[in-house]
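Only one structure is covered here, and it is reproduced in the block below.
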């Protein structure tokens with residue numbers, strides 16, 4: 063198996079429409095995220111690995127987890143958004 067695509071993407075409240083209309087340039091960031099997704103899909107990967115600062119933390123090691131759902135609740139400036147989706 064070879065690496066066919068890699069990307070580095072921002073995250074946070076500015077890219078979530080339910081929390082921010084255009085906070086800190088969020089609209090341009092959202093457009094860039096959609097473009098990142100299109101480029102990834104065009105590469106037709108067999109496996110997608112997402113690495114981030116959130117999730118299971120194991121001291122002194124890297125944890126790989128096989129999950130079937132992504133879920134969370136985010137509160138920001140009096141707004142709340144909740145997500146629970148299959149992955």
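Numbering (the numbering used here), first residue to last: 63 to 149.
C-beta: ideal position from N, C-alpha, C; glycine also.
For clarity, every value in this text was computed on a predicted model and none was experimentally measured.
task: Indicate the three-state DSSP secondary structure (helix, strand or coil) for residue 133 in the structure shown.
output: Reading the chain shown from its first residue, position 71 is the one you call residue 133. Strand, per DSSP.
- prompt: Per DSSP, what kind of secondary structure is residue 63 in: helix, strand or coil?
  reply: Locating residue 63 in the chain shown gives position 1, counting from the first residue. Coil at residue 63, not helix or strand.
- prompt: For residue 141, which residues does DSSP report across the bridge?
  reply: Your numbering for residue 141 matches position 79 in the chain shown. For residue 141, the pairing in a beta bridge is given by DSSP as 138.
message: Which of the three DSSP states is assigned to residue 72 in this structure?
response: Against the chain shown, residue 72 aligns to sequence position 10. In this structure, residue 72 counts as coil in the three-state DSSP scheme.
field: Local Cβ density within 10 Å of residue 88, reported as buried at 16 or more and exposed below that
entry: As a position in the chain shown, residue 88 is number 26, starting the count at 1. Counting Cβ neighbours within 10 Å, residue 88 comes out buried, since at least 16 surround it.
Euclidean distance between Cα positions of residue 114 and residue 128: Counting from 1 along the chain shown, the entry for residue 114 is found at position 52. Counting from 1 along the chain shown, the entry for residue 128 is found at position 66. For the pair residue 114 and residue 128, the Cα-to-Cα distance works out to about 14 Å.
field: Touch test, the segment 76-85 against the segment 130-146, Cβ-Cβ under 8 Å, three pairs minimum
entry: Yes: the two stretches touch, three or more of their Cβ pairs being nearer than 8 Å.
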